[in-house]
Each structure stands twice: as structure tokens, then as C-alpha cells.
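A quick write-up on the structure given underneath.
2 protein chains.
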Amino acid sequence: MNYPDLNIPKTKSKRIVILGAGFAGLNLAKHLRNTAFQVVLIDRNNYHQFQPLFYQVAMAGLEPSAIAFPIRKVFHKSKNVYFRKAEILRVLTNENTVVTNNGDLSYDILVVCLGAETNFFGNSRIEAHSFSLKSLGQSLGIRNQIFLDFEEAMFEIEYHNRQQFIDFVIVGGGPTGVEMAGALSELKRYVIAKDFPELDPYEIDIYLVQSGNRLLPGMSEKASRKAEKYLKNMGVQLVLNDRVSDYDGVYAYLKSGNKIRTNKVIWAAGVKCPVIKGLENFYEEGTGRITVDSSCKVIHASNIYAIGDIAGMSSLVYPGCHPQVAQVGIQMGDYLAKHFVKNMLNNRPGKPFIYKNKGVMATIGRHKAVADFPKFSMGGWLTWMIWLWIHLFSLIGVRNKLIVMFNWMWNYVHFDSSLRLIIQQESRNPTQSSKEGN
Amino acid sequence: MNYPDLNIPKTKSKRIVILGAGFAGLNLAKHLRNTAFQVVLIDRNNYHQFQPLFYQVAMAGLEPSAIAFPIRKVFHKSKNVYFRKAEILRVLTNENTVVTNNGDLSYDILVVCLGAETNFFGNSRIEAHSFSLKSLGQSLGIRNQIFLDFEEAMFEIEYHNRQQFIDFVIVGGGPTGVEMAGALSELKRYVIAKDFPELDPYEIDIYLVQSGNRLLPGMSEKASRKAEKYLKNMGVQLVLNDRVSDYDGVYAYLKSGNKIRTNKVIWAAGVKCPVIKGLENFYEEGTGRITVDSSCKVIHASNIYAIGDIAGMSSLVYPGCHPQVAQVGIQMGDYLAKHFVKNMLNNRPGKPFIYKNKGVMATIGRHKAVADFPKFSMGGWLTWMIWLWIHLFSLIGVRNKLIVMFNWMWNYVHFDSSLRLIIQQESRNPTQSSKEGN
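Protein chains in written order, with the numbering used here: chain A, 1 to 438; chain B, 439 to 876.
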């Protein structure tokens, strides 16, 4: 049954409703703990997920729980923060109300931080058959399919049929595609080769398809060249200046006319922001993001803000928009919390948000990473170590840091993580599964 | 496509086909590594699962990967052992052939070790609506439902409706039911109470229903009394001399006439052995197990053996059958490997199997456990420590031991494991899920 305001008490405090517990939303809520606001955080999951390491979950290097953190645990000691697990259906801006699948919730201030999702550029056949990597659930889905398919390959005598199960096509040469291709190559050499001695590892092909003429187009030329060299040495087949134009679940069709037989196309070719009903008018046509001013306030709205990947803020340094990376979301969350506490409560205008670019990194494999820092680029062993430490310390919670560190050290020494288990949740009966899978 | 003999080469060695990679089957296969036999191990999963700790996975204390081990990794250095992930459909004893969902496989010797599954005693309504704990997938299913339901409870103002989501009924007072009830009580006090401050923890009821007049009927009176005292002190509501006669998904109906409103009935009231097509005649009617002689050979069959829970061997000490516990399976696996290598290859008769009872234990919670050893019984803190060490050292793999130890130490210090994440695998699209869920 649905009750008013999602069963959250009405107090004298201003209510800030935060949609989404990604980097931006969780960070904002954390900084609003024990302040004069009532904060309601809504997410479809009961955990915050650390997206930069999804690919390691997909490649059986980490368990999902190592890079996820229960949202409620963050707010154990904060009486002013409420969490509700719900799906956002619509925003009624005239009534200052959010409509969810569990009922309505009124707000004084609304902050939208629902991130970005996979962009299939309108190709519904590709969408239906390919995998993407925008949630822990999807990452687990990729992992399970990889190992199911290798088991399946054991029953196939002819190469043509086996190819379906053992070849991979990764679409998109950005950081996600590059990191996935590198990790997949290591999985092939260190794990698959030992687990499946009946299989010739040279049969396993990993294709990385990039529409432009270089990998990591958002990084420096130097980083691109280095990443390409690394991946070639690791046996990844780079397909530049081409795109996957169609995929029917059996063949991936390239624009150049080639086709690749595979059961697994992993789509990392682009993102788009979800369009929330009731907020359509606030989106900018070109970027597909919600246009905000320099204080993250949505243009033409008085009490709605947007931060993170979904926020389209144009500034002097970033005349288009900010890059859709974790650091922007984190910094916007920090900024907006301060803005609310210091300026809004005291009716002061406040300073504009300025993004501090701390650099961009991508790891390709053991001892191999590339980085562009504001003043210089680097690559190799030291870069890889820096990448490891930065990601370790960015994780929420001491337990997660320790578990990830243990896993990385174990894998480093043993070349093997033992996580290649095809474990799927079982529901009590088939008719329940649709309800549980919401 | 299906190929003869599941794509396994025909050699001069005798082929032993092992059905099931539980304690019995995996142990047998391990001891047959690098022997003169060709060994084919078949399981529906690509991992061995450590059943005694399922309840800790269900109660968010451990990750599934911590108590599962990839089967292929066990046989990295054994060229004579083949693994195939497949479902057993039927055995054609006249043709010495096993029929699987992936094709047929001929055998010289067949060893059946397919364990036991949940027994709902023919009540299909209970089976459809309740949870059981016989696989890691089911354990994850329970965990996710618990936390989904608590999130759902946040939207319910009236106790009557909330009760559906926050009350638990555990059926069966054996070790599984007792351990689950204890762990659930700790979850309620240490995690739920902190995560859901809006909820009154006294509202959360945990019922443990046992048809007999005492818990742990397989153990000593002393152990039963102690377990009952522990559980009562932990707030578990014991319902003795009663049974759940029906469950419609909303109310659990007790034989005494009472009913309990709950979304979660966890059924741990009994097990039965799966009946394999083609082997029906070898089952004993009373026990429902496959009758074997003192060397684990199936009576009336010349080249078929059965070990573990499914084997019904009557002996002087155990005139009925052996208890269906891990130790029997492990010892039978050890015994049969020796019997095959030492006696069968040399055509010697061999000694009969004798089960060495090392004792029975059950843990109820922090510092609380009971144990019956062959010569004495004990309970309390020391028993709990012994339980921890025995289970730790029984796990396969150094990594799993370290991870479980880390988790237990972390939980011991922090009263919190951070594993309450409702993570469900996502398939690429709905029409694929049935295929993937096989």
C-alpha cells in the first residue's frame, strides 16, 4: 500500500530529495549528514556501486560486494537522512513532488543525479543481444556468460561452432573498452588456458572495435599509442576506423563489410542520460543533459538542481560540458552540499562550481597503465601502481579497501582469482522471479 | 551440437564417470588424479559448494565465492581427469551410458554421488512459496529477499502489513534450522536494528517450528537443551510439537491451528535423494536411497557405485543407514578411490567401508555452539572456537580459507559484514534469461 511521502515524517526542516546514490548523489547526502536539512536519498539499489571497477567484476577479478557499499550503513549515525529504495517514475514540478513506484514524495529542493546509461544509438537489435557494463548486475551477467560459454565450447568439435562461444567483440575504444580488453586478455592467458587445457588458447579472439582512428580519444596521442602497443602485445585484435553496425546474437556485422561470429558483444561505445518524465523541458538537445547554471541549479527551475553525469554545465574551461567521469560527480556533490549549507541557509549567492581536473587514467593490465595529468603524461609500471592506489583509496569503507587489496595481491602473485563461479540467484519459483527482479 | 562421449577421447584406460561434485564426488575424483583411470566428473555447476556454510551466505555473513571453489582448478595438473558441466537426464545401464543434456557418455564404472535435495513431503503449495537452502543460488535468493522485504517494509505504516515483510518462519529444528535461526537473530540485532532505525526491532519475529519435542533430534539431550536455551535468550520463538501444514505465500498454517503472516518460510525440514531415471530399481523403498554393499557397490549392479548422501549402506554400527552429513561423503570418497586403485586394478576383494564418526556440531551464534563427540558432549565458547576452526580448515583452497577467516574476524569485531547488497544478475534481454538460467 502507498502512504503519503513514502512514510517519511514531515518536519520543520527543508526537505532535500536526492535522486540517485552514485558518486554525486551519495557524496552530496554524506555532506548533508547532521545538518539542518531533512535529506531523502532514493535509489533503485540498496547499495552504492563503484563503477570504475565494474570491468574487474565482469572479468572475475573481484566480487561485486568488494566494490559495493550498503547505502544505509553510510547513514547509521545521521537522523536527518532517510533512504528509500524506489524507482523514479516522474517529477511533478508544479506540485514539487516526485512520483515513485512506491508512492509520492514532496520536496522543497530536488537534486537529480541519475547518471548516464548505455547508448545504443537507437539500434534495438544490438541492444537486445549485446552486453553492457553500467551496473553490477550487468557485470555479473557478463562474467557468468563468459564461463557458461567456455563450458559450452567443450562440447563442440568443429572450430566454426566453437568460435561462437570463445570469441569476444568489445565495441568502443574509450577507457571501459580498453580496460576490458586488457583484462580479458589476461583472463584468457592466466585462467582460461589453465582451466580448459582441451582448448587451444590461440583460438580465442578478442576484438576491440573503435570507430575513430585511435583508442582513448579523450586522452593524449601519447597515451593512445601506448595503449595500442600494450593491447597488441597482449594479443588483442584492434579494429580501428570501423564500427559494429548490427548484431543478431550470432554475427557482429562491421560497417566495413566484415562479420565476426560471437555470442558476446560487449557494448562500451557511448552513454546517454536518462530522460525523466516531467523534466523533459530542462534537457539540452545537443548534449542530452539537463542544463544547469554555475551553481548546479537547473535553468528555468527555482528549486531543482542536477549534478554528476546528467548535469550539463558550460564553463570557460569546459565550454561544452564537463567530462562524464566520477571526479566531476564527486566534486559537484561536495560543492552543492557546501552551497546548500553555507549559502542557501544564509541567503547568500555563493561562488560558481569549478572542476579541478586531477587527471585521466586507464589501466591495460599487469604493470601497464596510461595517464594524462594536467601538466604531463605518463605510462608503464609506476602509472599502474598509481592507478591501483588511487582506486583503492577511492573505495568506500575499510572492509572494501582491504578485500580489494587482498584480491589484487592474491591475483598478482597467483595469476588467478578463483572467482570464475557461475552462481545465479534462484527464486522460490518461476512466477516470483519477475517480482524479485524489479 | 552433440558429439559422442561429450567430446572426451577414448583411451585404453578404464573410464570412471562420477556424477556430482559434492563432498563425495569431488573427493573421489581428487584421489583419482594421475592414476591409471580416465576420470570424467559431471556436475550442473562449475564449482564445488561448501554446504555447511550456506546459511551464512543466506544471512549476509559470507559471499558465495568464499565457500565455492572452481572444479576445473582442482584438476589443473591432472591430465586423466575431465570435467563437463551438464545435467544428468538418465542412465542406460544396459549400454553402460549416461545421457546428459549435452549428449551421451559411455562408462566402464559409474559412481553416483548426487546427494540429497529438499523434501517437501509432497506439499506442492509449500514447495512453490517457501525457500530452501540446498544450493548457493538458493542461499543468495534468501538473502536478497530478506533485504528486499525490509526495504518494502519501510513503505508500510500498519503493523499488520509490515509483518508480512519482517517476520520469518524457519521449519525444521535440525542443525540447518537451528544455525539459521541463530544467525538470523544476530542479523536482526546487529545489522537490521542499525540499518533500519525507523523500524522497531521488537516487531521482528523469528519462529522456529519443530515437529518433535526437542531441537537437534540427531544430537544428545544435553545439546538439545543447550541449543534451546541459547535460542530463547536470543529472542527466537521456538514452536515445538507442531508443524507447518500449509503455506500460501501470505500465511503459514500450523497444524495446531495457529497461523503466522510472513513472506518468508524457510524450509529445512527434511531431505530426499533424487531419483535418477534408469536407476529406479536400485533404490530402497524405506530410505529412498540407492542400496549399496559394504564396498559402496550398488546391489544387483556390477559396475555402478554410489557414495555420499544418496548411498544407503547398512552396517553393524549403522543398521539403518549412515547419517547424511559431509563426513560420510568425504570418507566414502576416500575409501572408494583407494578401493579402485588398490583392489580393482589388482583384482583383490578389499576391506569393507567403516565410517569413523568424528562428532556432530551446530553453532547457534557468537560464542555459542554445541557438539556431541563420540565420548562426550560440550557447549559454549570453546565449542564455538572448535566449530570455527574445523569449518575453516575444511574449506578447499587457501584463498577461501583466508577470505572466510577475514570475514569472520571482521564480523566478530564490527558486528557487521557489509554484505547486505541486493545484487541480481542481469541478462542481456528477457528472452535469454531462461536459457542462461539452466
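Note that the Cβ used here is the ideal one computed from N, Cα and C, for glycine as well.
Q. So, is the C-beta of aspartate 5(A) closer than 8 Å to a C-beta in chain B?
A. Position 5 of the first sequence, counted from the start, is the residue given in the question as residue 5(A). False, the Cβ-Cβ gap to chain B never drops below 8 Å.
Q) What does a CB cutoff of less than 7 Å around lysine 710(B) pick up in its chain, not counting 5 residues either side in sequence? A) Position 272 of the second sequence, counting from 1, holds the residue named residue 710(B). Answer for lysine 710(B): Ala554, Glu555, Asn557, Gly726, listed in chain order.
Q) Span of the beta strand (DSSP E) holding aspartate 481(B)? A) Taking the second sequence and counting its residues from 1, the one referred to as residue 481(B) is at position 43. Segment 476–481, the beta strand (DSSP E) holding aspartate 481(B).
Q: Kindly say whether serine 562(B), judged by its beta-carbon, lies nearer than 8 Å to any beta-carbon of chain A.
A: As a working note, residue 562(B) is residue 124 in the second sequence. It does not: the Cβ of serine 562(B) has no partner Cβ on chain A nearer than 8 Å.
Q.
On the CB-based measure, 16 or more other CB atoms within 10 Å of its CB, does arginine 348(A) come out buried or exposed?
A. If you number the first sequence from 1, residue 348(A) lands on position 348. That one is exposed.
Q. Is there a Cβ from chain B that is less than 8 Å from the Cβ of glutamate 426(A)?
A. Counting from one through the first sequence, the residue named residue 426(A) turns up at place 426. By this cut-off, glutamate 426(A) is an interface position.
Q) Comparing alpha-carbon positions, which option in Leu28(A), Gly20(A), Val39(A) lies nearest lysine 12(A)? A) Looking up residue 12(A) in the first sequence gives position 12. The candidate whose alpha carbon is nearest that of lysine 12(A) is Val39(A).
Q) What in chain A is Cβ-close to lysine 632(B), meaning under 7 Å? A) Working through the second sequence from its first residue, we reach residue 632(B) at position 194. The contacting residues are His76.
Q: Can you check DSSP and say which residues form a bridge with phenylalanine 83(A)?
A: Position 83 of the first sequence, counted from the start, is the residue given in the question as residue 83(A). Leu41(A), per the DSSP bridge assignment.
**Q.** Pairwise C-alpha distance: lysine 232(A) and phenylalanine 406(A)
**A.** For the purposes of this step, residue 406(A) is taken as residue 406 along the first sequence, with counting starting at 1. For the purposes of this step, residue 232(A) is taken as residue 232 along the first sequence, with counting starting at 1. Each residue's alpha carbon lies about 29 Å from the other.
**Q.** Check whether glycine 172(A) and alanine 269(A) have beta carbons under 8 Å apart
**A.** Taking the first sequence and counting its residues from 1, the one referred to as residue 172(A) is at position 172. Taking the first sequence and counting its residues from 1, the one referred to as residue 269(A) is at position 269. Yes; because the gap between Cβ atoms is below 8 Å, this pair is in contact.
**Q.** Option nearest isoleucine 266(A) by Cα separation, candidates Arg366(A), Phe196(A), Ala128(A), Trp384(A)
**A.** For the purposes of this step, residue 266(A) is identified with residue 266 of the first sequence, where counting begins at 1. When only C-alpha atoms are compared, the closest one is Ala128(A).
(Q) With distance defined between alpha-carbon atoms, name the residue in Gly61(A), Arg33(A), Gly286(A) nearest to isoleucine 142(A). (A) Sequence index remark: in the first sequence, residue 142(A) carries index 142 (1-based). The option with the nearest alpha carbon to isoleucine 142(A) is Gly61(A).
Q: Sort out for me which residues DSSP pairs isoleucine 290(A) with in a bridge.
A: On the first sequence, residue 290(A) is found 290 positions in, with the first residue counted as 1. DSSP lists Tyr283(A), Ala311(A) as partners of isoleucine 290(A).
Q: Starting from arginine 522(B), find everything on chain A with Cβ-Cβ shorter than 7 Å and list it in chain order.
A: Walking along the second sequence from the start, residue 522(B) turns up at place 84. Those are Met154, listed as they occur along chain A.
Q. Which residues of chain C have a Cβ atom closer than 7 Å to the Cβ of serine 13(A), listed in chain order?
A. Note that chain C does not occur in the displayed structure, where the protein chains are A and B.
Q | Residues sharing a beta bridge with tyrosine 253(A), DSSP | A | For this step, residue 253(A) is matched to residue 253 along the first sequence. Tyrosine 253(A) is bridged to Asp246(A), Lys259(A).
Q.
Against chain A, which members of the stretch 571–582 of chain B pass a CB distance test of less than 7 Å?
A. Ser573, Leu574, Gly575, Gln576, Leu578, Gly579, Asn582
Q: Can you give me the Cβ contacts of glutamate 874(B) inside the same chain, cut-off strictly under 6 Å, excluding the 5 residues immediately before and after it?
A: If you number the second sequence from 1, residue 874(B) lands on position 436. With a pLDDT of only 35 at glutamate 874(B), under 50, the local geometry of the prediction cannot be trusted, and no value is derived from it.
Q | Stretch pair the stretch 90–108 of chain A + the stretch 656–668 of chain B: three plus CB contacts closer than 8 Å | A | no
(Q) Would asparagine 741(B) and leucine 548(B) qualify as a contact pair, given that the criterion is a beta-carbon distance under 8 Å? (A) The residue labelled residue 741(B) in the question sits at position 303 within the second sequence. The residue labelled residue 548(B) in the question sits at position 110 within the second sequence. Yes. Within cutoff.
Q. For histidine 48(A), which beta-bridge partners are listed by DSSP?
A. For the purposes of this step, residue 48(A) is taken as residue 48 along the first sequence, with counting starting at 1. Phe69(A).
Q: Please go through the same chain and pick out, in chain order, the residues whose beta-carbon is closer than 8 Å to the beta-carbon of lysine 188(A), but skip the five residues on each side of it.
A: What you label residue 188(A) is simply residue 188 of the first sequence in a count that begins at 1. Excluding sequence neighbours, lysine 188(A) sits near Pro201, Ile204, Ile206, Gly235.
Q) Who are the near neighbours of serine 872(B) in its chain, counting only those whose CB is closer than 8 Å to its CB and skipping five residues on each side? A) In the second sequence, residue 872(B) corresponds to position 434, counting from 1. Here the model assigns serine 872(B) a pLDDT of 35, short of 50, so the residue's position is not dependable and the matter cannot be decided.
**Q.** Residues near glutamine 210(A) by beta carbon distance below 6 Å, same chain, minus five either side
**A.** Sequence index remark: in the first sequence, residue 210(A) carries index 210 (1-based). Around glutamine 210(A): Gly173, Leu240.
Q: Report yes or no: is there a C-beta of chain A within less than 8 Å of the C-beta of leucine 820(B)?
A: Residue numbering aside, residue 820(B) sits at position 382 when the second sequence is read from its first letter. By this cut-off, leucine 820(B) is not an interface position.
Q. Where does glycine 803(B) land, buried or exposed, given buried means 16+ other C-beta within 10 angstroms?
A. Locating residue 803(B) in the second sequence gives position 365, counting from the first residue. Per the 10 Å Cβ criterion, buried.
Q | glutamine 675(B): first and last residue of the uninterrupted beta strand (DSSP E) it sits in | A | Locating residue 675(B) in the second sequence gives position 237, where the first residue counts as 1. Segment 675–678, the beta strand (DSSP E) holding glutamine 675(B).
**Q.** Sub-8 Å separation of methionine 618(B) and tyrosine 520(B) beta-carbons
**A.** For this step, residue 618(B) is matched to residue 180 along the second sequence. For this step, residue 520(B) is matched to residue 82 along the second sequence. Not closer than 8 Å, so no.
Q: Could you tell me the distance, in whole angstroms, from the CA atom of asparagine 876(B) to the CA atom of serine 315(A)?
A: Walking along the second sequence from the start, residue 876(B) turns up at place 438. Walking along the first sequence from the start, residue 315(A) turns up at place 315. Legend: pLDDT at asparagine 876(B) = 31, less than 50; position of this residue unreliable, no value from coordinates given.
Q: Quick one: measure Cβ to Cβ for alanine 29(A) and isoleucine 18(A), integer angstroms, because I've assumed they're closer than 8 Å.
A: Residue 29(A) sits at position 29 when you count from the first residue of the first sequence. Residue 18(A) sits at position 18 when you count from the first residue of the first sequence. Contact flag correct, Cβ pair sits at about 6 Å.
Q) Going by DSSP, what residues sit across from phenylalanine 131(A) in a beta bridge? A) Here the question's residue 131(A) lines up with position 131 in the first sequence. Its beta-bridge partners are Ile266(A).
(Q) Is leucine 833(B) close to chain A? Criterion is C-beta to C-beta, closer than 8 Å. (A) Position 395 of the second sequence, counted from the start, is the residue given in the question as residue 833(B). Not one chain A Cβ lies under 8 Å of leucine 833(B).
Q. With DSSP run on the structure shown, which of helix, strand or coil describes phenylalanine 353(A)?
A. Here residue 353(A) is taken as the residue at index 353 of the first sequence, counted from 1. Coil.
(Q) Counting only Cβ-Cβ distances shorter than 8 Å, please list the residues of the stretch 749–781 of chain B near chain A, keeping chain order. (A) none
Q.
Here's the rule I'm using: 16 or more other beta-carbon atoms within 10 Å means buried, otherwise exposed. How should glutamate 723(B) be labelled?
A. In the second sequence, the residue the question calls residue 723(B) occupies position 285. So glutamate 723(B) ends up on the exposed side.
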